[in-house]
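Novice: Here it is: the structure, laid out below.
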Amino acid sequence: MDESISITVNGEARQSGSATVAGLVRELGLKPEKVAVELNGEIAPRSTLENVGLRDGDVLEIVHFVGGG
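Position 6 of the sequence shown, counting from 1, maps to -11 under my numbering, and the rest follow consecutively.
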């Protein structure tokens, strides 16, 4: 994607050049296999993140898993 889009991630407005949710997750420095994503109020299954496109105005909540012990 050559143009950036305006989206909201975890309540914060931001610009992204990513075409997919997985690309955005990587842009944020996270691994797609270690996150849960809600896109516009709907859970996006982890197995589909590479194929779920982003559009201007999308609202995402992204939760990442942290291991420890």
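All C-beta atoms, glycine included, are put in the ideal place defined by N, C-alpha and C.
For a quick check, are the C-beta atoms of residue 22 and residue 42 less than 9 Å apart?
Specialist: By 1-based counting over the sequence shown, the position of residue 22 is 39. By 1-based counting over the sequence shown, the position of residue 42 is 59. Inclusion of residue 22 and residue 42 in the CB contact set at 9 Å is warranted, their separation being smaller than that value.
Novice: What residues in its chain sit with their C-beta under 6 Å from that of residue 48, if we drop five residues either side in the sequence?
Specialist: Position 65 of the sequence shown holds residue 48. Around residue 48: 17.
Novice: I need the straight-line Cα distance from residue 51 to residue 15, nearest angstrom please.
Specialist: Mapped onto the sequence shown, residue 51 falls at position 68. Mapped onto the sequence shown, residue 15 falls at position 32. Approximately 19 Å, taken between the alpha carbons.
Novice: Alpha carbon to alpha carbon, how far is residue -14 from residue 13?
Specialist: Taking the sequence shown and counting its residues from 1, one reaches residue -14 at position 3. Taking the sequence shown and counting its residues from 1, one reaches residue 13 at position 30. Spanning the two alpha carbons is a distance of roughly 22 Å.
Novice: Kindly identify the DSSP beta-bridge partner or partners of residue -6.
Specialist: The residue given as residue -6 occupies position 11 in the sequence shown. Its beta-bridge partners do not exist; DSSP assigns none.
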